[in-house]
Structure formats: structure tokens, C-alpha cells
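Report on one structure; see the data block that follows.
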Amino acid sequence: MRNLLRFIIIYHFFFLFLLLETVSIILIVQHNTYHRAQFINVSRSLQGSYYEIFGGIREYLSLRQTNRDLYMENTLLRNQMDRLARDRESTFENRYDSIQHRQYSYIPARVINNSINKQFNFITLNKGSHHGIEPEMAVIAPNGVVGVVYATSGNYSTVIPMINRNFRLSAKIRKNGYFGSLSWAGSGYQESILEEIPFHVEIQQGDTIVTSGYSAIFPEGIMVGTIKDAEAIEGNFYTITVDIAVDYKKLIYVNVIRNLLREELRELERISGHD
Amino acid sequence: MIKLLVRNIIRFVVLVLLQVLIINNIQISGFIVPYFYILFILLMPFETPKWLLLVFAFALGLTVDLFTQTPGMHAAASVFMAFLRPYILGMSAPRDGYEAGTFPRIYYYGFQWFLRYTVILVLAHHFILFYIEVFRFSEFFSTFLRVLLSSLLSVILIMLSQYFIYRK
Numbered sequence: 000m001r002n003l004l005r006f007i008i009i010y011h012f013f014f015l016f017l018l019l020e021t022v023s024i025i026l027i028v029q030h031n032t033y034h035r036a037q038f039i040n041v042s043r044s045l046q047g048s049y050y051e052i053f054g055g056i057r058e059y060l061s062l063r064q065t066n067r068d069l070y071m072e073n074t075l076l077r078n079q080m081d082r083l084a085r086d087r088e089s090t091f092e093n094r095y096d097s098i099q100h101r102q103y104s105y106i107p108a109r110v111i112n113n114s115i116n117k118q119f120n121f122i123t124l125n126k127g128s129h130h131g132i133e134p135e136m137a138v139i140a141p142n143g144v145v146g147v148v149y150a151t152s153g154n155y156s157t158v159i160p161m162i163n164r165n166f167r168l169s170a171k172i173r174k175n176g177y178f179g180s181l182s183w184a185g186s187g188y189q190e191s192i193l194e195e196i197p198f199h200v201e202i203q204q205g206d207t208i209v210t211s212g213y214s215a216i217f218p219e220g221i222m223v224g225t226i227k228d229a230e231a232i233e234g235n236f237y238t239i240t241v242d243i244a245v246d247y248k249k250l251i252y253v254n255v256i257r258n259l260l261r262e263e264l265r266e267l268e269r270i271s272g273h274d
Numbered sequence: 000m001i002k003l004l005v006r007n008i009i010r011f012v013v014l015v016l017l018q019v020l021i022i023n024n025i026q027i028s029g030f031i032v033p034y035f036y037i038l039f040i041l042l043m044p045f046e047t048p049k050w051l052l053l054v055f056a057f058a059l060g061l062t063v064d065l066f067t068q069t070p071g072m073h074a075a076a077s078v079f080m081a082f083l084r085p086y087i088l089g090m091s092a093p094r095d096g097y098e099a100g101t102f103p104r105i106y107y108y109g110f111q112w113f114l115r116y117t118v119i120l121v122l123a124h125h126f127i128l129f130y131i132e133v134f135r136f137s138e139f140f141s142t143f144l145r146v147l148l149s150s151l152l153s154v155i156l157i158m159l160s161q162y163f164i165y166r167k
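Protein chains in written order, with numbering that gives the first Met the number 0: chain Z, 0 to 274; chain D, 0 to 167.
The structure is reproduced here in C-alpha cells:
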């Protein structure tokens with residue numbers, strides 16, 4: 000300790016210099032908007048490359064699980080394809096206009112950072128604005144809704160998952176179409192809350208909850224989860240506890256959904272005074 | 000001693016006011032900005048303790064920052080300049096050191112000595128200041144050009160001021 004003090008006293012000029020420069024830099028970064036943005040940019044891309052390395056390791060370790068998921072999804076898609084092909088044959092539809100028939104395009108991405116134990120959880124993806132990702136795009140995994148893109152940089156983007164207290168989603172009960180508002184109460188990464196379902200609606204444990212498609216972000220009918228428990232608070236509406244379909248602890252491959260018609264829809268709704 | 004302190008404080012105030020009220024409002028295409036206030040650091044007496052030099056430089060930079068709404072930028076550059084000053088003085092000292100009772104001015108040590116001393120420190124200050132201002136290295140050379148041109152103007156102003164104010 001004495002030696003340390005003596006060291007500091009001998010080099011006091013240099014240490015004072017370092018101290019004053021540090022104070023200046025802190026002032027610069029805290030009080031100048033441009034400098035703060037620049038600082039955050041640099042630290043975010045450093046963080047991104049760090050997570051990418053560790054994400055790579057994690058990805059390798061869970062290859063078996065991933066393979067199985069992909070296999071299952073392949074089967075599902077194959078089934079759907081078959082059905083669609085038959086539908087088309089039966090209606091004699093032979094015009095195919097790619098613009099009119101295509102509303103959503105999917106961008107594959109990989110999760111490189113993920114938090115599940117905070118109140119405001121975030122996910123980081125390894126694709127960003129260079130790959131066509133923009134804020135407010137939907138993010139899904141093979142088994143259901145993941146979240147909504149919050150911000151993007153060139154090569155990375157952050158996602159607000161369903162397990163973030165700022166997350167809101169319009170969701171409905173698949174079997175009867177009643178829709179409500181889904182939010183997260185902060186109680187564990189497997190549970191979410193669906194509200195505004197009227198009391199007279201028949202619900203059962205295990206009923207499927209899917210997206211309603213009203214938000215112009217998510218397509219209709221994407222799996223959200225299943226009903227775990229429901230209680231009626233103040234008589235008129237249910238507060239439904241939803242078992243989230245996606246397991247945030249094992250999330251690796253996701254798809255970002257771009258709604259090609261969103262601008263058109265937004266514009267129309269804006270003109271109509273709808274919001 | 001007290002007289003010296005008072006004189007330095009008056010110089011501090013005058014230089015800051017001159018900088019923020021007049022020089023900052025002279026815009027040469029927004030590209031070149033002379034910073035005259037650093038004359039204060041150049042003219043501090045030889046005997047000033049080194050730590051006091053840093054403290055004064057920090058205060059000076061921060062005061063200018065207050066007026067330009069760029070907290071920390073001028074402070075960082077000024078502190079860096081004050082940090083270099085003792086080394087530059089040591090490097091360019093005359094053979095038998097600096098005499099007691101003299102100040103770092105043209106009057107005592109000649110035009111050439113003062114020019115060298117000024118150019119090095121002004122360049123150091125402007126270099127730090129302008130690079131902190133852009134805060135990235137991607138436009139390195141265009142910033143470097145600004146550093147050089149602004150330094151040139153600052154040095155000219157500082158040298159001229161020596162003949163106008165401190166004729167003696």
C-alpha cells in the first residue's frame with residue numbers, strides 16, 4: 000500500500016493527466032448525442048462479434064436437436080405442399096402472380112445472444128439492415144412466435160421477445176377466433192398472459208393460441224402457445240395464462256418475417272384515420 | 000506571486016471571452032476554426048507546478064466547452080496539451096536552462112524559439128480536438144487537413160498577438 004502510494008506520488012503528473020482525460024472522455028460520451036451514438040455503435044459491434052463466437056460453439060453443441068427440428072419441419076412443409084398442390088388442381092387456377100400471392104418473405108437468422116432472466120429481455124440476431132431486416136418485423140422459430148425486431152445495425156439486430164415487459168401482441172384462440180391482447184407479466188420465461196377474452200367464451204386447458212394477424216407484423220395463425228390456466232377477474236374478462244410454445248432457452252435458428260404489403264396497409268389505415 | 004496569479008486569471012477570463020464571443024463566431028466555411036484561447040497554456044510561467052498546469056488547462060477547456068455546448072472536448076484537448084508542455088519546454092530549453100524571472104515569450108527567447116514551441120503544442124491540441132470531434136478514423140485525411148489549416152490560423156493569430164499585446 001505504501002509502495003503504491005509512493006508510486007502514485009512519484010508519477011502524480013501522469014496520473015492526474017489520465018484522470019482528467021478520463022473525466023473529459025466521460026463528459027464527451029455522456030453529454031454529446033453524436034459521440035454517445037458512435038460509442039454505442041462501436042461497443043455493440045464488439046459485443047456482436049464476441050457473441051458470435053460463443054453462439055457458434057453453442058450451435059455446434061445442439062446440432063442433434065436442431066437436426067431433429069428441421070426434420071420435423073420438413074415433414075410438415077411437405078404435407079402442406081401436397082395439400083396446396085391438390086387445392087390448385089381442383090380449382091383450375093393456373094395464373095400465378097408472384098406479387099399478389101406473396102405477402103411475406105422470410106429471412107433466416109441465428110440467435111447470437113439471448114437473455115431470459117430479466118424483466119426486459121432481449122435477443123440479438125446475426126443479421127441486420129444489410130440483410131434487409133428492419134425494426135418492427137416479426138421473428139418466429141419453427142415452433143412459434145419469438146418476438147419483434149427492435150433495432151438494427153449493419154450486421155446485427157436486437158429483438159424484443161415475448162418475454163419482455165414491453166411486448167404486446169394481438170392473439171386469438173384458434174378454435175373460436177376470439178382475440179385478445181397478449182403481454183408478459185415477468186413471471187418466468189414459459190408463461191405469458193392473454194387478456195380481454197370475454198367471459199362467455201368457452202375455453203379449455205390446452206387450447207391453442209395463435210397470432211390474430213391484425214398487427215401487420217405477424218401473419219395470421221402462427222403458434223403462440225397453449226392455455227395453461229384461466230381465471231375471471233372482475234367478472235367480464237378472462238385472464239388466461241399461456242404456456243409459451245417457443246423454448247427461449249434453446250433458441251438458435253429463427254426466421255424474420257418481412258411483410259411486403261405492410262407499407263400499403265399502413266398507408267391505407269392512416270388515410271382512414273385508423274390507428 | 001499574487002500579482003502573477005491575478006494577471007493569469009485576468010488573462011484566462013479575457014482569452015475565454017475572446018474565444019467564445021468573437022473567434023467562435025468567425026466562420027471560415029465551417030471548415031477551419033482557429034482556437035486562440037490555448038495561448039493561456041502557452042504563456043503560463045515556467046515555474047508553474049506541473050499538476051497546476053493540468054488543473055488550469057482542464058478548467059480552461061471546460062469553460063470553453065460550457066459556451067460551445069460540447070462538454071469535455073476542449074477539456075480533453077487542453078489537458079493533453081498541458082501534459083505535453085513540460086516535455087516540449089525541456090526539449091527546446093536553451094543550454095543553461097530558463098532564467099528565473101523570465102516567461103515563455105518572444106521577448107525573452109526569440110521568435111524562432113517561440114514559434115517552434117507554439118507550433119508543436121497547437122498541433123497537438125488541434126489534433127486531439129478535431130479527432131475527438133469527429134470521433135472516428137474513417138475520414139482520416141479530411142480531418143487531418145482541417146487540423147493543419149486550423150493550426151496554421153491559430154499559430155498566426157498567436158504569433159501576431161505577441162507583437163500586438165506583449166510588446167514590452
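All residues carry an ideal CB built from backbone N, CA and C; glycine is no exception.
Fair warning: this is a prediction, and the values are worked out from it, not measured in the lab.
Which residues in the same chain have their Cβ closer than 7 angstroms to the Cβ of residue 154 of chain D, if we skip the five residues on either side of it in sequence?
117, 118, 121
Look at the alpha carbon of residue 249 of chain Z and the alpha carbon of residue 147 of chain Z, and state the distance between them as a whole number of angstroms.
18 angstroms
Between the Cα of residue 56 of chain D and the Cα atoms of D:33, D:14, D:131, which residue gives the shortest distance?
D:14
Quick one: grab the DSSP three-state call for residue 95 of chain Z.
Caution applies to residue 95 of chain Z, whose pLDDT of 49 falls short of 50 and renders its modelled position unreliable; the value that the coordinates give is listed next. Residue 95 of chain Z falls in the coil class under three-state DSSP.
Distance between beta carbons of residue 78 of chain D and residue 119 of chain Z, contact taken as under 8 angstroms
That belief does not hold up - the Cβ atoms of residue 119 of chain Z and residue 78 of chain D are roughly 38 angstroms apart, past 8 angstroms.
So, at 8 angstroms on beta carbons, what are the nonlocal neighbours of residue 91 of chain D in its own chain, with the 5 sequence-adjacent residues on each side left out?
The beta carbon of residue 91 of chain D lies closer than 8 angstroms to those of 112, 115, 116 in the same chain, with the five residues before and after it left out.
Please report the distance separating the alpha-carbon of residue 227 of chain Z from that of residue 70 of chain D.
Residue 227 of chain Z and residue 70 of chain D have their C-alpha atoms roughly 54 angstroms apart.
Residue 23 of chain Z touches chain D at which residues, Cβ-Cβ below 7 angstroms?
71, 74, 75, 78, listed in chain order.
Does any residue of chain D have a CB that is nearer than 8 angstroms to the CB of residue 26 of chain Z?
With 8 angstroms as the cut-off, residue 26 of chain Z counts as an interface residue toward chain D.
Quick check on residue 48 of chain D: does DSSP put it in helix, strand or coil?
coil
With 7 angstroms as the limit, tell me which residues of the region 45-57 of chain D have their beta carbon closer than that to any beta carbon of chain Z; keep them in chain order.
Against chain Z - using a Cβ distance shorter than 7 angstroms - the residues of the region 45-57 of chain D are 49, 50, 53, 57.
How should residue 66 of chain Z be labelled, buried or exposed, when 16 other C-beta atoms within 10 angstroms of its C-beta is the threshold for buried?
Looking at its Cβ environment, which holds fewer than 16 other Cβ atoms inside 10 Å, residue 66 of chain Z is exposed.
Could you have a look at residue 138 of chain D and say whether DSSP puts it in helix, strand or coil?
coil
So, are the CB atoms of residue 59 of chain D and residue 36 of chain D less than 8 angstroms apart?
yes
Secondary structure, alpha helix (DSSP H): runs of 4+ residues fully inside the region 99-155 of chain D:
105-133
Which residue marks the beginning of the beta strand (DSSP E) containing residue 224 of chain Z, and which one marks its end?
222-232
Quick check on residue 64 of chain D: buried or exposed, where buried means 16 or more other Cβ atoms within 10 Å of its Cβ?
buried
If we call anything under 8 angstroms between Cβ atoms a contact, is residue 125 of chain D one with residue 160 of chain D?
no
Compute the beta-carbon to beta-carbon distance between residue 157 of chain Z and residue 123 of chain Z, rounded to the nearest angstrom, for a pair I have assumed lies under 8 angstroms.
6 angstroms
So, does the CB of residue 139 of chain D fall closer than 8 angstroms to a CB anywhere in chain Z?
no
Compare the C-beta of residue 6 of chain Z with all C-beta atoms of chain D and state if any pair is closer than 8 angstroms.
no
Would you call the CB atoms of residue 23 of chain D and residue 67 of chain D closer than 8 angstroms?
yes
Relative to the ligand ADP, is the shortest distance from any of its heavy atoms to the C-beta of residue 155 of chain D smaller than 7 angstroms?
No copy of the ligand ADP appears in this structure; indeed no ligand is present at all.
Interface residues of chain Z facing residue 82 of chain D [CB-CB closer than 7 angstroms]
16
C-beta contact flag for residue 144 of chain Z and residue 241 of chain Z at 8 angstroms:
no
Apply the 10 Å Cβ neighbour rule to residue 97 of chain Z and answer buried if 16 or more other Cβ atoms are within range, or exposed otherwise.
Note that residue 97 of chain Z scores 49 on pLDDT, short of 50, meaning its location in the model is unreliable and no value can be drawn from it.
Pick helix, strand or coil for residue 107 of chain Z, following the three-state DSSP scheme.
DSSP places residue 107 of chain Z in strand when its eight states are reduced to three.
Could you compute how far the alpha carbon of residue 146 of chain D sits from the alpha carbon of residue 83 of chain D?
18 angstroms
Measure the CB-CB distance between residue 206 of chain Z and residue 174 of chain Z and report whether it falls below 8 angstroms.
yes
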